[in-house]
Amino acid sequence: SKMISQNARFQATTSSSQLYIIQLPINRIHPRPHNSSNDDANISFTFLLLWVSLLLFIVALILLLIFIIFLFVVRPKGPKYYIDNLIPINQSSYYDVIYNFSIRSKNPNCHMGIIYQNDGIVSLSLKQQVIAIGNGKFPKFYHGTKKSMLFNLLLNFKHPKEIEDILKDEKIQLPLSLLINVPVKFKIWLVKSWRMKIVIRCEMTISAFAKVQDTFIEFLRRHVDSCIILRMMLFMV
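Residue 35 is where the sequence shown starts when you use the working numbering, and the numbers rise one by one after that.
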């Protein structure tokens, strides 16, 4: 009873039920310290997660607005390509000729120029079989806005038997496909994009060939069916 009287003070009521109020010294109360630290950590992590999510949403919204403004102001359009001429420039043998393909490119954009890189790949196919490949590097040049430019591609031409048969029968028509795979950069005012790839295919139909001085072959009649962009890969290369 002496220990209880020293550590606690009792108050009693006169009712049938008694209420005990116990008061302990402050230095005897020891709360569990790790509970408060865990609660603070959970609150901090939740707040950080919400802040990061809000920041990502704002960034995505800004990028979307920039893209919409870009499409509205720049109005980007794909360039157009045409085969302008085909001239043999060198012949080591009757079946091995280097041809100069002259390609005309038109840029219909008002605010976007095109920078062609010099590590493109060019090939010519007949019935899905490659019969000519690029000789040398792809020409590097800048194609300005609203301009038409002419660039040359050198192809080492290996004449297959089908082309030799055309010399004997002018009624034979064979489809040729010129495939151009070239990396480019787009320039909008002073800003340049990353390197992208453009794949271009030009379809031709050979109507007839003729021998000229028994040294080279040139087109007598030629019709370019189409010259289209197969795909434009908008990733960094």
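From the three backbone atoms N, C-alpha and C, an ideal C-beta is built for every residue, glycine too.
- Can the beta-carbon of LEU158 be found less than 7 Å from the beta-carbon of LEU187? no
- Ordered along the chain, which non-local residues of its own chain (more than five positions away) have a Cβ less than 7 Å from that of ARG109? none
- Message: Rounding to the nearest angstrom, what Cα-Cα distance links VAL271 and HIS177 in this structure?
- Response: Model confidence at VAL271 stands at a pLDDT of 42, short of 50, so the residue's coordinates are unreliable and nothing is read from them.
- Let me know the secondary structure DSSP gives ASP118 once reduced to three states. strand
- Message: Does the contact criterion of 3 or more C-beta pairs under 8 Å hold for the segment 166-176 versus the segment 141-158?
- Response: yes
- Message: Given a cut-off of 7 Å on the beta-carbon distance, is the pair LYS219 and SER211 in contact?
- Response: no
- With burial defined as no fewer than 16 other Cβ atoms inside 10 Å of the residue's Cβ, what is the status of GLY112: buried or exposed? exposed
- Message: Helix, strand or coil, according to DSSP, for PHE172 in the structure here?
- Response: coil
- Range covered by the beta strand (DSSP E) that runs through LEU224: Careful: LEU224 lies outside any beta strand (DSSP E) and carries neither H nor E.
- For GLY147: DSSP bridge partner residues: LYS221
- Identity of the residues DSSP links to PHE185 by a beta bridge: ILE137
- Task: Answer yes or no: do LYS174 and ASN141 have a C-beta to C-beta separation smaller than 7 Å?
- Result: no
- Message: Please state the DSSP three-state secondary structure of ILE251.
- Response: Residue confidence is low: ILE251 scores 42 on pLDDT, short of 50, so the model does not pin down where it sits. Its coordinate-derived value is still stated next. Strand.
- Nearest-angstrom Cα distance between PHE185 and ILE137? 5 Å
- Message: Using a Cβ-Cβ cutoff of less than 8 Å, which residues in the same chain neighbour SER182 once the five nearest sequence positions on both sides are dropped?
- Response: ARG138, SER139, LYS140 and ASN141
- Distance between beta carbons of PHE135 and ILE148, contact taken as under 8 Å: Not confirmed; about 19 Å, so no contact.
- In whole angstroms, what separates the C-alpha of VAL93 from that of LEU84? 14 Å
- Task: Give me the Cβ distance between ASN143 and THR179, rounded to the nearest whole Å; I'm assuming they're in contact under 8 Å.
- Result: 5 Å
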